[in-house]
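Here this note's numbering is used: position 119 in the sequence shown is 126, and no number is missing along the way.
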Amino acid sequence: MRLLIMGPPGAGKGTQAKLIAEHYGIPAISTGDMFRAMKTADTPLAQQVREIMNSGGYVSDEITNQIVAERLAQSDCDAGFLLDGYPRTTAQVNTLDAVLDKRGTPLDVVLSLLADEDAVVARLLKRAETEGRADDNEETIRVRQHVYAEQTAPLLDVYRSRELLVEVDGLGEIDEVSERVFTALDSAVGGRDGSPVTRN
Ligand code: AMP
Numbered sequence: 008m009r010l011l012i013m014g015p016p017g018a019g020k021g022t023q024a025k026l027i028a029e030h031y032g033i034p035a036i037s038t039g040d041m042f043r044a045m046k047t048a049d050t051p052l053a054q055q056v057r058e059i060m061n062s063g064g065y066v067s068d069e070i071t072n073q074i075v076a077e078r079l080a081q082s083d084c085d086a087g088f089l090l091d092g093y094p095r096t097t098a099q100v101n102t103l104d105a106v107l108d109k110r111g112t113p114l115d116v117v118l119s120l121l122a123d124e125d126a127v128v129a130r131l132l133k134r135a136e137t138e139g140r141a142d143d144n145e146e147t148i149r150v151r152q153h154v155y156a157e158q159t160a161p162l163l164d165v166y167r168s169r170e171l172l173v174e175v176d177g178l179g180e181i182d183e184v185s186e187r188v189f190t191a192l193d194s195a196v197g198g199r200d201g202s203p204v205t206r207n
């Protein structure tokens, strides 16, 4: 299965992405995790990524598209993949389209996790306390919600118009949400190509 998971920062994408990946036996590729790993290096690029992430803005499309294209070229993506946090801009959608087109591997489904803003902000503030992520302070959280609404939320319409979008309520206990997600994905993908989806 080849899919994207989308939703506002704090909707629980990372948690659900890991569960989905495990369940369907595909790699979960999180650009946020890749950038967090990258920003600790002592290089000009790492310094740039660090500053952008700490401000709540987006890393450039050029850098982001390049790391994703390289990751998708690895052999573990041959069986499918889940992209978490990518694409986030129209330019990234276009690049992903071109990369997948070249591989001859179109997306099967785009999962949108729904969550209201107050709930996600509260969740991120709690995570800032427990995990101490540098990009989780209150001001950055507000900027990230705003950037998401402006640049990334409109992409949902693109995938809706391609009839790939599946929306799932992201609020509730983790297991409750993942059951909802598996049911929605099985019926979307199974329904689309007419065959049952293999679960691990
Ligand atoms: P996330 O963990 O997905 O919320 O990402 C954390 C941060 O990494 C974001 O606030 C951005 O600064 C950066 N980032 C992650 N994915 C992307 C992307 N697709 N495009 C640009 N910046 C990204």
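We put the CB at the ideal spot given by N, CA and C, even for glycine. Since the model is a prediction, treat every value here as computed from it, not as a measurement.
Relative to the ligand AMP, is the shortest distance from any of its heavy atoms to the C-beta of residue 60 smaller than 7 Å? Checking every heavy atom of the ligand AMP against the Cβ of residue 60, one is found closer than 7 Å.
To the nearest angstrom, report how far apart residue 100 and residue 48 are at their CA atoms. If you take the alpha carbons of residue 100 and residue 48, they lie about 28 Å apart.
N- and C-terminal bounds of the beta strand (DSSP E) containing residue 33: Per DSSP, residue 33 lies in no beta strand (DSSP E) segment and is marked neither H nor E.
Please confirm whether residue 12 and residue 118 have their CB atoms less than 8 Å apart. Closer than 8 Å, so yes.
Hey, residue 20 and residue 178: beta-carbon distance below 8 Å or not? No, these two residues do not count as a Cβ contact at 8 Å.
Rounded to whole angstroms, what's the CA-CA distance from residue 33 to residue 185? Just pull it up for me. Looking at the backbone, the Cα of residue 33 and that of residue 185 are separated by about 16 Å.
Where does residue 186 sit, in a helix, a strand or coil, going by DSSP? Three-state DSSP puts residue 186 in a helix.
Starting from residue 174, trace the beta strand (DSSP E) both ways and give me its first and last residue. Element bounds for residue 174: 172 to 176.
Out of 62, 51, 40, which has the shortest C-alpha to C-alpha gap to residue 74? That would be 40, whose Cα lies nearest to the Cα of residue 74.
Endpoints, the beta strand (DSSP E) within which residue 89 is located: Where residue 89 is concerned, the enclosing beta strand (DSSP E) starts and stops at 88 to 91.
By alpha-carbon positions, which one of 145, 176, 134, 124 ends up nearest to residue 155? For residue 155, the nearest C-alpha among the options comes from 124.
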